[in-house]
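J.: The structure follows.
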Amino acid sequence: MERWDMDTRPSSSNTSDSGLAIQWPLPQPPSQSQPRSESERHPPLRLGVMASGNGTNFEVLVHACRSGVLHGTVERLVVNNPGCGAAQRAERLGIPCHTLDHRLQPSREALDRALSESFQDAQVDLVVMAGWMRIVTPVLIAAYPDRLVNIHPSLLPSFRGVDAVGQALDAGVRLAGCTVHLVCEEVDSGRILIQAAVPVLDGDDRGSLAARIQIQEHRILPLGVAIAAQRLRGRTAAGGAQWRPAGPPSG
993 MERWDMDTRP SSSNTSDSGL AIQWPLPQPP SQSQPRSESE RHPPLRLGVM ASGNGTNFEV
1053 LVHACRSGVL HGTVERLVVN NPGCGAAQRA ERLGIPCHTL DHRLQPSREA LDRALSESFQ
1113 DAQVDLVVMA GWMRIVTPVL IAAYPDRLVN IHPSLLPSFR GVDAVGQALD AGVRLAGCTV
1173 HLVCEEVDSG RILIQAAVPV LDGDDRGSLA ARIQIQEHRI LPLGVAIAAQ RLRGRTAAGG
1233 AQWRPAGPPS G
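Take any residue in the sequence shown, note its place counting from 1, add 992, and you have its number in this note's numbering.
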C-alpha cells in the first residue's frame, strides 16, 4: 500500500513529483554490439498497473520499458479515482487507462473481479500496484498468483499498512525506505523482492522523508518487477510458478 501520496494531481508544487525527470538514474540498456541477455530473448512482459494517486511510479515503469531497462510493455493502467494524476499521465504517455471507481462497486470483491477482467482483456502477464490505495482481496490474488507486485514506503516487515512514513517518524528509527514485494492475503506481507534504505534526518517531516523515499521507489520498482518476472520464468526460486506469455482471455 502506498500511503502518503494523497495529492492525486500532478503539479509543480507537489513534492511527490520532485525529481521524476532527473533523479532516478536507472541502468542503461546494453548497446547493439553487446550480446543480448537471456531475459531479452523472452517475449516482452505485458504489464498492467494499478494506481490511485499521482502516478509517478506508473510513469517510471513506462519509461523503464520504453528505454529498454525493463524488458516489457505497459499495456494498461487502471485507476479508481477518476481524473487522478496517474490517469492524466497515461493520457500524455499514450497508455490505455481504465477507470474503475471503487465507490460504484458493490463490494471489494466486485472491484477486484472487474480489475481481473480488465487485465485479462489486455492479456496482461503481471500486475503492479503502484500507489493503489485499496486493500485487494483473494479474488485478485487468485487471478494473478505470484504475478501481483506492490511497492510500499517502508522497510518491510516494519511499518505495514497506512501512513508508513508517519509510523517510521513516530517510532524514531534512523533508517526508513521502501520495499517491492509480491502480494498475499495479509497486507504488506508477501515475499520481498528488493528494498532500498534512506536515512531519517533530524528535522524530517512526512513530506521530506516521503520525497527521499520516493526517489528510491523510482529506482527499485523496475528492478523489482524484473525480479518478479525472472521468478515466474523459473530462473530463480525453485518450484515457483512457470511464466508463459499471456494468451487470449478465457471465456
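Ideal Cβ placement from N, Cα and C applies to all residues, glycine included.
Hey, how far is the Cα of I1087 from the Cα of G1169?
T.: Residue 1087 sits at position 95 when you count from the first residue of the sequence shown. Residue 1169 sits at position 177 when you count from the first residue of the sequence shown. Answer to the nearest angstrom: the Cα atoms are 29 Å apart.
J.: Locate the beta strand (DSSP E) running through N1142, then write down its first and last residues.
T.: Position 150 of the sequence shown holds residue 1142. It spans L1140 to H1144 - the beta strand (DSSP E) in which N1142 sits, taken as one unbroken run.
J.: I'd like the span of the beta strand (DSSP E) that includes Q1187, first residue to last.
T.: Sequence index remark: in the sequence shown, residue 1187 carries index 195 (1-based). Looking at the DSSP string, the run of the beta strand (DSSP E) that includes Q1187 is I1184 to P1191.
J.: With the cut-off set at 9 Å, would you say V1190 and V1141 are in Cβ contact?
T.: In the sequence shown, counting from the first residue as 1, residue 1190 sits at position 198. In the sequence shown, counting from the first residue as 1, residue 1141 sits at position 149. No; because the gap between Cβ atoms is not below 9 Å, this pair is not in contact.
J.: Please identify the residue among A1221, G1226, L1037 and D1180 whose C-alpha is closest to the C-alpha of G1064.
T.: Mapped onto the sequence shown, residue 1064 falls at position 72. With distances taken between Cα atoms, G1064 lies closest to L1037.
J.: Where does the unbroken beta strand (DSSP E) through C1057 begin, and where does it stop?
T.: Locating residue 1057 in the sequence shown gives position 65, where the first residue counts as 1. Segment T1048 to S1059 is the alpha helix (DSSP H) holding C1057; no beta strand (DSSP E) there.
J.: Could you check where the alpha helix (DSSP H) with V1128 kicks off and where it finishes?
T.: For the purposes of this step, residue 1128 is taken as residue 136 along the sequence shown, with counting starting at 1. Careful: V1128 lies outside any alpha helix (DSSP H) and carries neither H nor E.
J.: State the DSSP-derived secondary structure class of H1094, mapped to helix, strand or coil.
T.: Residue numbering aside, residue 1094 sits at position 102 when the sequence shown is read from its first letter. In this structure, H1094 counts as helix in the three-state DSSP scheme.
J.: Could you pull the DSSP bridge partners for V1071 from this structure?
T.: Residue mapping note: residue 1071 aligns to position 79 of the sequence shown, counting from 1. V1071 pairs with A1043 and T1091.
J.: When we look at the beta-carbon of A1163 and count the other beta-carbons within 10 Å, is it buried (16 or more) or exposed?
T.: Position 171 of the sequence shown, counting from 1, holds the residue named residue 1163. Exposed is the call here.
J.: Where do the N-terminal and C-terminal ends of the beta strand (DSSP E) with A1078 fall, by residue?
T.: For the purposes of this step, residue 1078 is taken as the residue at position 86 of the sequence shown. Taken as a continuous stretch (DSSP letters only), A1078 belongs to no beta strand (DSSP E), being part of the alpha helix (DSSP H) at G1077 to L1085.
J.: Leaving out five residues on either side along the sequence, give the residues of the same chain with a beta carbon under 8 Å from the beta carbon of R1126.
T.: As a first step, residue 1126 is located in the sequence shown; it is residue number 134 there, counting from the start. Only S1044, N1072, H1094, R1100 and L1103 meet the Cβ criterion.
J.: If you check the beta carbons only, do V1120 and L1053 fall under 9 Å apart?
T.: Position 128 of the sequence shown holds residue 1120. Position 61 of the sequence shown holds residue 1053. Yes.
J.: Give me the Cα-Cα distance between Q1112 and D1194, rounded to the nearest whole angstrom.
T.: Here residue 1112 refers to the residue found at position 120 of the sequence shown. Here residue 1194 refers to the residue found at position 202 of the sequence shown. Whole-angstrom Cα-Cα distance: 47 Å.
J.: So, L1069 versus A1078, is the Cβ gap smaller than 9 Å?
T.: In the sequence shown, counting from the first residue as 1, residue 1069 sits at position 77. In the sequence shown, counting from the first residue as 1, residue 1078 sits at position 86. In contact: L1069 and A1078 (Cβ atoms closer than 9 Å).
J.: Hey, would you say E1051 sits closer than 9 Å to L1085, going by beta carbons?
T.: In the sequence shown, the residue the question calls residue 1051 occupies position 59. In the sequence shown, the residue the question calls residue 1085 occupies position 93. Their beta carbons are under 9 Å apart, which means E1051 touches L1085 by this criterion.
J.: Taking DSSP as the reference, what is the three-state secondary structure of V1172?
T.: Start at 1 with the first residue of the sequence shown, and residue 1172 comes out as number 180. It is a strand residue.
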